[in-house]
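Protein chains in written order, with the numbering used here: chain P, 168 to 262; chain R, 49 to 538; chain U, 518 to 1010.
Glycine included, every Cβ here is placed at the ideal spot set by N, Cα and C.
If you want it as structure tokens, here you go:
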């Protein structure tokens, strides 16, 4: 199968990855190979087979409702690109 | 000393024939002399290592040493280490000094193990050759023109070259077992849930599992025993009594130590695609297993081939979501120039991620996107079920499954650079085990053309890691493949 | 064409913050108003390698809600990832529930309008589902040299998203539903309901269609309405806008809009412009949530009597009107106060009148005073026991309603511990001794010959004046009924 440039731009936009026109074409060639590989799946009849989303067939383990986390803002924000007054700064958000 | 098994290093430390500081210094020296060629380490933490070694010496002096107290180790660079750079082999995290420790890092610190640094890896663990690292390819100690395997290539090469006696790794589709095979050492990936994933930077959450590298099964058992255990901070960490993987290893060597062990040989593991030199070494090793008392029976994994497409839908799908947090807001790389918020996201991620990572994010985004979910993601989940059932059926006929870890020996650097699919196919024998969440081990079993190591993979049922280590250990007690060293470590 | 040719269709999505101490997937505090980013655990800021673990307290509250609305509490529900990029969403996905929510179905009966008869009516609103999810952080838009500040303290606060069927047909019904839901989540103590702090937020899906049309119109979603007034205003504006748009030959495009309280208008959300593709899939970090029947049973056993049941009991057993019963079950605090008052008032011969009498006092004098003093019923200076003591004395004719108000004042101002004490001390007991009243009447008649003559001349008003005079002479303590009786006897004789 082959993805169109539009499809690739669409998923690149969803994934927030900028692709130059050249990169887009190179990516398309490689993705086509991968999707040819993946396409083998489609031939298999899996009617009646339950999807297995996890290797563990177990219910979730729950935590008790207790506050044990302490304020580590200083340590956490030491690695942040840009902060001010304890806030993470990002380019203006328009709602 | 550099080639001594962990039990021997333990004895020497306890007998004060060597101090933890001397041991750390010895291996740090090897790293400094070999890393320029092998590129196995991204970060060498000399200061931290020597401090930890001094603490270990005090502990030994107090007679409070555990099995790993004072033993040098290294961590794959996707385990968060507080105060130490944690890059995941990516430009995206090239400036990320973790503010916290992964659970396995905590446990190994508590055990008194001395971490010498962080090992190189495929970017975000996506690769089978360690060539996708932002920090450059790792070389195979047996042949510097070849890859060490991946994604835990740095850890495998470091142990093979005896830059460190033990190293941690992670295995999502073979990333511990395949580099162990390519680098001629032993590596184990336990059952999903045996090691906590807390602090292990996620690639594909339902497949990722930490693993251990060592020269032998005995060495791996000591490391795995210290790494594994319940962690309430990981919902998928299993609450079960701690396993003592080393217990079985104490068993006295007998002429037929594997008496009664039934080994299943899946025909699909020996079908076309398996290189002759690998087949030869594996079959010879299996003959040795029989000589030690084991019996072999042919079993089938009819859906094995489907593991590759299923894996390359499921892993990228989970990865596309797991890697969304790398957005240049709270840590890591942020693009210098951007027009607005979205442009900041798009440029940051375009600059921070390498080609293979971008490719897998795009694949994952596509297979989850509107209109394709059922045909790709859901279909892959159904195949995953079929594959898990295949293993259940096969393991009903035997105690363990054995076969080659990889179809070929280590390939030349760059050989697959332009053909990702070819590289994906090379994981045919390892991927399926992660889909089923089963434990797998690879140990050296001979050499192929050009004197390159060949690995034999053992696969067991859930929680059979002890049995895998036991079988491999008994094999290694009667063979010496695990004692062979590349020239640089001879 | 006018409003009456159109039918309005409204469905509500309410986000209720669950009042747990810690976050839904981390051990960080959910307390409101901390310093920015001071209440975050690694998973709340999505540090690499950090993982979520589900909070039992959040699940328990979801079960409570499901039981309260008679819904199916799913024995197995699944957490999914909703993927999109936004600075207040650190992981790049929100952990929510998609295909298998924890609460499925259910219904709530609401009373629309106030008062009795055709001024108000009951309506049952069906719920589609309620699911657990994590709240996002906050974007602070005040200017940081052209940038936005992100505070992630709120990120990971447990939310119950409660989705109704499109059953509401007017902004009044939407508000009545929202109010009923607000009262319920506070009643069962799963949410503090503080709308200023964003603990209870409404999104309204609004569409219009011509009367009689079967097809639903295209809906627009109004986001983040954090007061009932805004909910009403926003829907009214949106409905008129949609009708005008269609009548001017336009078409409604599905969209997400924001309500601007200043202009009273709704506007498109820029950030939601691009069509979303959330790529939901089961979160591989979280296994399915299992809720055993035993757990449900334990939660059910600990549930308080629900407003619906209490209201029915007030009407059926105590003969209150629908209006009274609705008002008295508007909040758990009021209901508890009223119930306690009736219980304390005891009963005996008066058992049948007391509930109504208590209702009148709780909804009348007490409500008015609390309102005036801007106090919650929870901290009323007059306790249920004290009010009960007062009501009992009116019930047994020890004092009249008029004197009752005096006694209430005294209790409100803390001038006395009980009605009886005050009645005793101030000698407010009603005079029922006919001899004493006769004497008073004679004085009054003697002093008011003019009124007597007028009455005899057939002026009924003059009679009332005389009654008033007698009451006055008794300083309000004479039993009015008795005074009437005796006076008429005298004048008639």
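Around the C-beta of residue i, are 16 or more other C-beta atoms found within 10 angstroms, so that it is buried, or is it exposed?
i, result
"residue 710(U)", "buried"
"residue 172(P)", "exposed"
"residue 468(R)", "buried"
"residue 757(U)", "exposed"
"residue 869(U)", "exposed"
"residue 638(U)", "exposed"
"residue 289(R)", "exposed"
"residue 233(P)", "exposed"
"residue 608(U)", "buried"
"residue 693(U)", "buried"
"residue 68(R)", "buried"
"residue 304(R)", "exposed"
"residue 265(R)", "buried"
"residue 168(P)", "exposed"
"residue 648(U)", "buried"
Are residue i and residue j closer than 7 Å when you measure CB to CB?
i, j, result
"residue 271(R)", "residue 340(R)", "no"
"residue 516(R)", "residue 274(R)", "no"
"residue 176(R)", "residue 490(R)", "no"
"residue 228(R)", "residue 503(R)", "yes"
"residue 268(R)", "residue 234(R)", "yes"
"residue 646(U)", "residue 621(U)", "yes"
Report the residue from the options whose alpha carbon sits nearest the alpha carbon of residue i.
i, options, result
"residue 683(U)", "527(U), 745(U), 762(U), 536(U)", "527(U)"
"residue 566(U)", "66(R), 146(R), 121(R)", "146(R)"
"residue 549(R)", "114(R), 87(R), 131(R), 135(R)", "Examination of residue 549(R) is not possible in this model, given that chain R is present from 49 through 538 alone."
"residue 295(R)", "417(R), 521(R), 527(R), 501(R)", "521(R)"
"residue 614(U)", "661(U), 541(U), 849(U)", "541(U)"
"residue 77(R)", "97(R), 533(R), 58(R), 60(R)", "97(R)"
"residue 461(R)", "62(R), 107(R), 201(R), 70(R)", "201(R)"
"residue 324(R)", "102(R), 366(R), 510(R), 496(R)", "496(R)"
Do you know how far the Cα of residue j is from the Cα of residue i?
i, j, result
"residue 657(U)", "residue 369(R)", "26 Å"
"residue 581(U)", "residue 705(U)", "7 Å"
"residue 238(R)", "residue 722(U)", "50 Å"
"residue 530(U)", "residue 698(U)", "11 Å"
"residue 373(R)", "residue 611(U)", "11 Å"
"residue 843(U)", "residue 810(U)", "32 Å"
"residue 346(R)", "residue 538(R)", "38 Å"
"residue 993(U)", "residue 940(U)", "13 Å"
"residue 806(U)", "residue 617(U)", "10 Å"
"residue 680(U)", "residue 793(U)", "20 Å"
"residue 837(U)", "residue 632(U)", "13 Å"
"residue 465(U)", "residue 904(U)", "An answer regarding residue 465(U) cannot be provided, because it is not within the stretch 518 to 1010 covered by chain U."
"residue 355(R)", "residue 448(R)", "20 Å"
"residue 89(R)", "residue 164(R)", "9 Å"
"residue 696(U)", "residue 629(U)", "10 Å"
"residue 112(R)", "residue 357(R)", "50 Å"
"residue 351(R)", "residue 152(R)", "34 Å"
"residue 790(U)", "residue 132(R)", "Bear in mind that a pLDDT of 49 at residue 790(U), under 50, signals an unreliable position, so the number given afterwards is only what the model happens to contain. The straight-line gap from Cα to Cα measures roughly 42 Å."
"residue 129(R)", "residue 150(R)", "6 Å"
"residue 170(P)", "residue 177(P)", "11 Å"
"residue 252(R)", "residue 536(R)", "35 Å"
"residue 257(P)", "residue 668(U)", "11 Å"
"residue 396(R)", "residue 827(U)", "58 Å"
"residue 179(P)", "residue 563(U)", "22 Å"
Starting from residue i, follow the alpha helix (DSSP H) in both directions and report where the run begins and ends.
i, result
"residue 638(U)", "Taken as a continuous stretch (DSSP letters only), residue 638(U) belongs to no alpha helix (DSSP H), being part of the beta strand (DSSP E) at 638-651."
"residue 411(R)", "403-416"
"residue 939(U)", "936-942"
"residue 744(U)", "Looking at the DSSP string, residue 744(U) is not in any alpha helix (DSSP H), and its letter there is neither H nor E."
"residue 334(R)", "324-339"
"residue 479(R)", "476-484"
Tell me where the beta strand (DSSP E) around residue i begins and ends.
i, result
"residue 120(R)", "120-124"
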